[in-house]
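Everything below concerns the one structure shown next.
There are 2 protein chains.
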Amino acid sequence: MKHDAVPLERDSAEEYASWFKALADATRIQIVSLLARHREPMTVGQIVAAVRIGQSTVSHHLKILSEVRFVLVEHRGTSSLYRINQACVGCFPSAADVVMGNPVPVAPACD
Amino acid sequence: MKHDAVPLERDSAEEYASWFKALADATRIQIVSLLARHREPMTVGQIVAAVRIGQSTVSHHLKILSEVRFVLVEHRGTSSLYRINQACVGCFPSAADVVMGNPVPVAPACD
DNA sequence: CTCTTGATTAGATGAATGTCAAGTTAGGTG
DNA sequence: CACCTAACTTGACATTCATCTAATCAAGAG
Numbered sequence: 472m473k474h475d476a477v478p479l480e481r482d483s484a485e486e487y488a489s490w491f492k493a494l495a496d497a498t499r500i501q502i503v504s505l506l507a508r509h510r511e512p513m514t515v516g517q518i519v520a521a522v523r524i525g526q527s528t529v530s531h532h533l534k535i536l537s538e539v540r541f542v543l544v545e546h547r548g549t550s551s552l553y554r555i556n557q558a559c560v561g562c563f564p565s566a567a568d569v570v571m572g573n574p575v576p577v578a579p580a581c582d
Numbered sequence: 472m473k474h475d476a477v478p479l480e481r482d483s484a485e486e487y488a489s490w491f492k493a494l495a496d497a498t499r500i501q502i503v504s505l506l507a508r509h510r511e512p513m514t515v516g517q518i519v520a521a522v523r524i525g526q527s528t529v530s531h532h533l534k535i536l537s538e539v540r541f542v543l544v545e546h547r548g549t550s551s552l553y554r555i556n557q558a559c560v561g562c563f564p565s566a567a568d569v570v571m572g573n574p575v576p577v578a579p580a581c582d
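In order, the protein sequences belong to chains P and C.
Using my numbering, the first residue of the first sequence is number 472, and each one after it goes up by one.
Using my numbering, the first residue of the second sequence is number 472, and each one after it goes up by one.
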């Protein structure tokens, strides 16, 4: 037997899981893909209008997404501007490849 | 403004979310990556030994993973053989690309 | 200062989830 | 047949989660 086919280290598995968990909700997927397509930063109000979900709920999801750094915030006066983290646009799909056992150019590190 | 930057349809978002949700747990990530690396099908016992988690829990996770068809089952006598669904190995990372707004060769359809 | 508007925080609630221990089913073997 | 072993199912328990309403906060405008 070549090598014992040890699974992903628990630590790595937990980190990847936390990324997938951030996208394990339809509303958050809408938000992320919205921010990714719309290249410019968006305010909470704009996002609320697009996904048609309560404002506080959207705010909550944005917090979750920014904790994993899928999106980045910048506070401008009375409004907050959210934008996609370009680093994740490339490295997140790579994480999917790692889990699926695909060869990947460089280990994904979103940050 | 070019076009109104409509987010992903709710339906698509929910489908993608269900895929990510299947990998939103460290144990399931370990199982999937284990099956992906270990090219041969594995029995539940082998998987339990590798991830060191209660058998019923592993069985539960395997059920979840096979419901989304990330893994496929085949019952052979007294034991069940689980293997990775090769179709997903390619198409799941593509789903990540879609959400991230990356261009993708062909719409991902895992099945 | 007061009002308005955009955003975060707090609290509540109902639903889903991960885990394990114990019980059950079912294929092989003596 | 009785036994054993691999796997699945059930029930319970504690967590986590998505959503909403209401309350709070912060920045401009009058």
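For glycine and all other residues, C-beta sits at the position ideal for the given N, C-alpha and C.
By the criterion of at least three beta-carbon pairs nearer than 8 Å, the segment 569 to 577 of chain C is not in contact with the segment 535 to 542 of chain C. Between PRO512(C) and PRO564(P) a beta carbon distance of about 27 Å is seen, past the 8 Å cut, so the two are scored as non-contacting. The C-beta distance from LEU505(C) to ILE518(C) rounds to 7 Å, short enough to meet the 8 Å contact threshold. The Cβ of TYR487(C) sits closer than 8 Å to at least one Cβ of chain P.
At a cut-off of 8 Å between C-beta atoms, ARG508(C) counts as an interface residue with respect to chain P.
HIS509(C) sits in coil when the DSSP states are folded into three classes, being neither helix nor strand. Judged by DSSP in its simplified three-state form, VAL544(P) adopts strand. Looking at the backbone, the Cα of SER489(C) and that of VAL503(P) are separated by about 16 Å.
At a cut-off of 8 Å between beta-carbon atoms, ARG481(P) makes contact with chain C. Two segments are said to touch when three or more pairs of C-beta atoms, one from each, lie closer than 8 Å; by this definition the segment 545 to 556 of chain C does not touch the segment 480 to 495 of chain P. Against chain P, the CB of ALA567(C) has a partner CB under 8 Å away; the residue lies at that interface.
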